[in-house]
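Working notes for the structure below.
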Amino acid sequence: MKAWDAIVIGGGHNGLVNACYLQRAGLDVLVVEKNEWVGGAATSRELTPGFLYSNCSYVCSLFRPEIMRDLELPRFGLQVISYEGGAVFTRDGDYLANYRDHDAHRREFARFSKRDAEAYDRYSRDVTRQCRFIQPLLMRTAPDPTSFRPRDLGELLYLGKKFAGLSAEEMALTLRFWTMSISDFLDEYFETDVIKANFALSGIIGTALGPMSPGTAYVLLHHYMGEVDGSVGAWGYARGGMGAVTKALAASFNASGGTIRTGAEVDHVLISNGRAKGVVLAGGEEIYGKLVISNADVKRTFLKLVEEKELPDIFLGRVRNFKIRGSSGKVNIALDSLPEFPALPKDSPVYRADMHFTDSIERMERAYDDWKAGRWSADPFLDMMIPTTLDPTMAPPGRHFMSCFVQYAPPKIDGRDWTDADRDGFAESVISQIAQYSPGFRDRIVHMEVRTPREIEAEVGLTEGNIFQGELTFDQLLFNRPVPGYAQYRSPVGGLYMCGSSTHPGGGVMGAPGRNAAAEILRDLARPTLHMSPAHDVI
Amino acid sequence: MNRHVKINSARTLTQSHFRTLRLGTPFQPRIDALALKQDWYNWAGYRAPHSLWDEELEYFAIRSQAALFDISPMTKYRIEGADAEAYLDRVTLRDVTRLKPGRVHYTAWCDDEGFVLDDGTLFRLSPTRFRLCSQERHLPWLLDSAIGYDVSVEEETEAVAGLALQGPTSFAILRDAGFAGVERLKVLDLAEFTHDGATVTISRTGFTGDLGYELFVPADKALSLWDRLMAAGELRGIRAIGYTALNRARLEAGLIVANADFTTSEHAIRTDRLRMPDEIGLGFMIDPDKGHFNGRRAILEARARKKLRHVLVGLEIEGNIPAEHAIVYYRKSQEVGLVSAAMWSPMAKRNIALASLRRPYGETIVDDLWVEVYAMRELQYHKLMKKAKVVPRPFIKLDRRTANPPADF
């Protein structure tokens, strides 16, 4: 019976990136995906005729350009369109916009506070300094500080040198940045509620923490590390929705000879003598492979797909304690026309960008209070956008697709599972918030897809619907991600690897975990990695 | 709650700025009419001319006639209060207690680590009122520093229009325009005059090393001031100019530009780009005896421990090919610095440059310095290794700049 060189469990973006690199290294690779389509949380689906939804992830910035280049994704149809700025609507009928032009940005902030407008440069300098420290670590395997292998020592030395290269003030800032709350961090620069709320958003997206929780400053950094074609920090829409990313990856994989099986849910990993031998599908079919790589999150991989007896107790305990907490949901809406926002001039570029309605950190924190109490937020914060203002492929002419990322949504409601009624109530909290700023909004709705943590876990497989496969707090980063001693994509089971966002450097549609895992696998196989570009220089 | 009603607050009325990414200054209608080249650049969010019709002739307007240059985009802060003097003495490097009302001085200010935040000019308009002009914006820094002082700090960039009138005939033009008493202004003096029912502040200052003045006026009186000067200067060769011409004149005068010749500390992402005053030729501003000022401890410690790493020098380079952004070498091989600005000086008839060197080069080792010039000619580089000599700044000294009374050209 055929034994594949490698079987990748899950056709999300990291699974596909990993599979592409392995296939291009000459391995015979099979990707097994439980859904009838690939993409994981980076999909575009037509759930109502003529409309494509970016069902889960909805914007692109973090995806590493080195990977796009190596895997020839533009050739396979990937195009990312930068969008301009964004805005927070204020309760007094105005808005605060972010513009890409530096001076327009300053003038916009000056409408609210001249002081804050002029504070932006220092804020931007400090955040950029931190990004430049972290960015080179994204495409490197984190060192294992407990090992004395020359490579780990070398990587530790690299980290140490980078850290030692910082001035005393920067070092202090770095440590504070990694541990403090986004609210406290912003207080050091800005005084205006809406301006702080505007920046705080990036600190809590996808995270089961509030803006006043320690550790959220780093989450902000994570969202600043991206780029669109060299424009650092920019965000864009993938033309055709986020499914275009995985569609291009799948096409690249197929073109290099790889095989994808959809509708193939893995029941468990086949292990004998402590070594992975393949996978068993839900129907009982056994597929053999010399290596098995899991794109699923660390909890799903080791608590569901691997039998407990195969794993050391301490490892299992740490996997159980790894924080993957559901905190967000998604509402995708098909609209028969472009919604109006009377606060916003009709020619504002903000229509093409991200829009928010939470104009103070206080309101964000109150929304988080609801999460702690086991309820969806009565006054949620939305990251809302209308990609069809820049990408005509996602809806019929004149009609629009609106994507609403919603926070907070707990994994359980008052300790019990979500019901359909809960889901509808959650959706209503979103629609009613939008409708308060957009008259006639409800009447424009043609179709709606509501995704609570329940739906995201059931369909995508992300534990509790956590978009990062584990929170990006500093206790779960670098050599602690996902579990100390197993931060280098390997696991306690021989031949079983991890390549999902539960591993370094974490979530977002970045692709770095998939690539880094491929590098480690090829190292174990003593295969060359010439087809893998080194990370771009940060100069 | 109904949020559909658009509220016409003062704040919402200013939303529309997004439609004009580059603002015009209060002088824009006049400048637009003269901008035959439509050659613009972005000066702090304003549409400013590189050159209006001919950069060579615009430069010579500064040196042999009179040049009118719009400085409105410069950041301006109004600093007022009983403690304004003490406050500014604490914030900036120079001794403000020695700056008398009616006087201007060139100064700089540093963060707590002694790194230069910016340089600029401080105008003392009265015992308790100052205007600080700078390249970058510093409102948070100035406000935070004001805690504990009886002082107000207000940004007034848009409200106040500014013009530089520079060149040998500039005095005669102001006199002919009817600014009686302007002949009494010595270098770095300022005085208030009436114009069109408002006050215009005229100072004998400038960025050219030439005889010249700067005029500040409320924005709504800008056009009438422009017209008054242009009319008075018609027979004395007055010309509006763009930044390229001014930049040449300032280099001849040996003056530095923030974020061109050094990186300001709030913009330096790479921390090795930070500079102390002594490292960019501003050490003369430091007065260790004046009492505490921001950065004092760090600056004095760096001096005592010889931790100053860079020095900014004037260079005279053999030949006539400008060495802009050339690398500076010691003994033609060891890289020791970078040229930040360079030109052939028509006034000095020399090839001049400003360069930042790594000490001790430029400090104690000043011989055997070379610059490597890559001169692109018809898609081919001519690589030239030219000898460079450290020379004092300014590169030119014009008696007419300081003559009293100023000459009637």
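Chains as they are written, first to last, in the numbering used here: chain G, 2 to 540; chain R, 36 to 444. We put the CB at the ideal spot given by N, CA and C, even for glycine.
Suppose you measure from the CA of Phe95 (chain R) to the CA of Trp75 (chain R); what does that come to, to the nearest Å? It is roughly 20 Å from the alpha-carbon of Phe95 (chain R) to the alpha-carbon of Trp75 (chain R).
Three-state class that DSSP yields for Phe430 (chain R) in the structure shown: Phe430 (chain R) sits in coil when the DSSP states are folded into three classes, being neither helix nor strand.
Listed by chain order, chain G residues near Ala337 (chain R) by CB distance under 9 Å: Contact annotation for Ala337 (chain R) against chain G: no contact, minimum CB-CB distance about 14 Å [criterion: below 9 Å].
Roughly how many angstroms lie between the CA atoms of Gly155 (chain R) and Ala143 (chain R), to the nearest whole one? In this structure, the straight-line span from the alpha carbon of Gly155 (chain R) to that of Ala143 (chain R) is close to 6 Å.
Nonlocal neighbours in the same chain, by C-beta distance under 6 Å from Ser182 (chain G), ignoring five residues either side: For Ser182 (chain G), where only same-chain residues beyond five positions count, the Cβ hits under 6 Å are Met213, Ser214, Pro215, Thr217.
Just verifying my parser: in three-state terms, what is the DSSP assignment at Val307 (chain G)? DSSP places Val307 (chain G) in coil when its eight states are reduced to three.
Chain G residues whose Cβ lies nearer than 7 Å to that of Ile362 (chain R): Within chain G, no residue comes near Ile362 (chain R); the closest Cβ sits about 16 Å away, beyond 7 Å.
Quick check: what's the CA-CA separation for Gly258 (chain G) versus Arg82 (chain R)? Spanning the two alpha carbons is a distance of roughly 55 Å.
Assuming Asn296 (chain G) is part of the alpha helix (DSSP H), what are its boundary residues? Note, Asn296 (chain G): premise wrong, no alpha helix (DSSP H); not H, not E.
Nearest chain G C-beta to Asn329 (chain R) closer than 9 Å, yes or no? Interface with chain G (9 Å Cβ-Cβ cutoff): Asn329 (chain R) is excluded.
Please classify Leu365 (chain G): does DSSP put it in a helix, a strand, or coil? Here residue 365 (chain G) is Met; the residue named in the question, Leu, does not match the sequence. It is helical.
Does Gly318 (chain G) have its Cβ less than 9 Å from a Cβ in chain C? Structure shown: chain C not included; protein chains present are G and R.
Between His103 (chain G) and chain R, is any beta-carbon pair separated by less than 9 Å? With 9 Å as the cut-off, His103 (chain G) counts as an interface residue toward chain R.
Using DSSP bridges, identify the partner residues of Ala7 (chain G). Answer is G:Val30.
Enclosing beta strand (DSSP E) for Thr236 (chain R) [first to last residue]: Under the DSSP assignment, Thr236 (chain R) falls in the beta strand (DSSP E) whose first and last residues are 233-238.
I need the DSSP call for Pro120 (chain R), collapsed to helix, strand or coil. According to the sequence shown, residue 120 (chain R) is Glu rather than Pro. Helix, per DSSP.
Report buried or exposed for Tyr364 (chain R), applying the criterion of at least 16 other Cβ atoms within 10 angstroms of its Cβ. So Tyr364 (chain R) ends up on the buried side.
Segment contact, 8 Å Cβ cut-off, at least three pairs: the region 367-380 of chain G with the region 404-417 of chain G: Yes, they touch.
Going by beta carbon distance, what residues of the same chain come within less than 7 Å of Val408 (chain R), once the five residues before and after it are set aside? Answer for Val408 (chain R): Ile356, Ala358, Ala361, Leu419, Lys421, listed in chain order.
Return the residues of the region 334-351 of chain G that lie within a Cβ-Cβ distance of less than 8 Å from chain R, sorted by chain order. Here the close residues are Pro343, Ala344, Pro346, Asp348, Ser349, Pro350.
Just to confirm my understanding: we take Met265 (chain R), look at its own chain, exclude 5 residues before and 5 after, and list those with CB closer than 7 Å. What are they? If the five residues before and after Met265 (chain R) are omitted, its C-beta is found closer than 7 Å to the C-beta atoms of Ile273, all from its own chain and listed in chain order.
Beta-carbon separation of Glu171 (chain R) and His302 (chain R) under 9 Å? Going by C-beta atoms, Glu171 (chain R) is nearer than 9 Å to His302 (chain R).
Could you please tell me which residues of the region 54-68 of chain R, in chain order, have their CB closer than 9 Å to any CB of chain G? Flagged, chain order: Arg54, Thr55, Leu56, Arg57, Leu58.
What residues in the region 83-95 of chain G bring their beta carbon closer than 8 Å to a beta carbon of chain R? For the region 83-95 of chain G, which is checked against every Cβ of chain R, the residues closer than 8 Å are Phe90, Arg92, Asp93, Gly94, Asp95.
Quick one: Cα of Phe444 (chain R) to Cα of Ala267 (chain R), how far? When only Cα atoms are considered, Phe444 (chain R) and Ala267 (chain R) end up about 13 Å apart.
In this structure, does DSSP put Val89 (chain G) in helix, strand or coil? Strand.
From Leu339 (chain G) to Phe402 (chain G), what distance separates their C-alpha atoms? CA-to-CA, the gap between Leu339 (chain G) and Phe402 (chain G) works out to about 9 Å.
Cβ-based contacts, 8 Å cut-off: residues of the region 349-379 of chain G near chain R: Taken in chain order, the members of the region 349-379 of chain G whose beta-carbon sits within less than 8 Å of a beta-carbon on chain R are Ser349, Pro350.
What is the rounded straight-line gap between the Cα of Ile334 (chain G) and the Cα of Pro398 (chain G)? Distance from the CA atom of Ile334 (chain G) to the CA atom of Pro398 (chain G), rounded to whole angstroms, is 16 Å.
Phe158 (chain R) - DSSP class collapsed to helix/strand/coil: The three-state reading of DSSP puts Phe158 (chain R) in strand, counting E and B together.
By how many angstroms is the C-alpha of Asp322 (chain R) removed from the C-alpha of Gln470 (chain G)? A straight-line Cα-Cα distance of about 58 Å links Gln470 (chain G) and Asp322 (chain R).
Which residues in chain G have a C-beta closer than 7 Å to the C-beta of Ile276 (chain R)? List them in chain order. Proximity of chain G to Ile276 (chain R) at the Cβ level (cut-off 7 Å) is not reached, the minimal Cβ distance being about 23 Å.
From Phe475 (chain G) to Asp525 (chain G), what distance separates their C-alpha atoms? The straight-line gap separating the alpha-carbon atoms of Phe475 (chain G) and Asp525 (chain G) is approximately 28 Å.
Taking the alpha-carbon of Glu286 (chain G) as reference, which of G:Phe303, G:Val267, G:Ile205, G:Ser295 has the nearest alpha-carbon? For Glu286 (chain G), the nearest C-alpha among the options comes from G:Val267.
Counting only beta-carbon atoms, is Gly472 (chain R) nearer than 9 Å to chain G? Because chain R spans 36 through 444 in this model, residue 472 (chain R) falls outside it and cannot be assessed.
Inter-residue Cα distance where the pair is Thr91 (chain G) and Arg152 (chain G): In this model, Thr91 (chain G) and Arg152 (chain G) are separated by some 52 Å (Cα to Cα).
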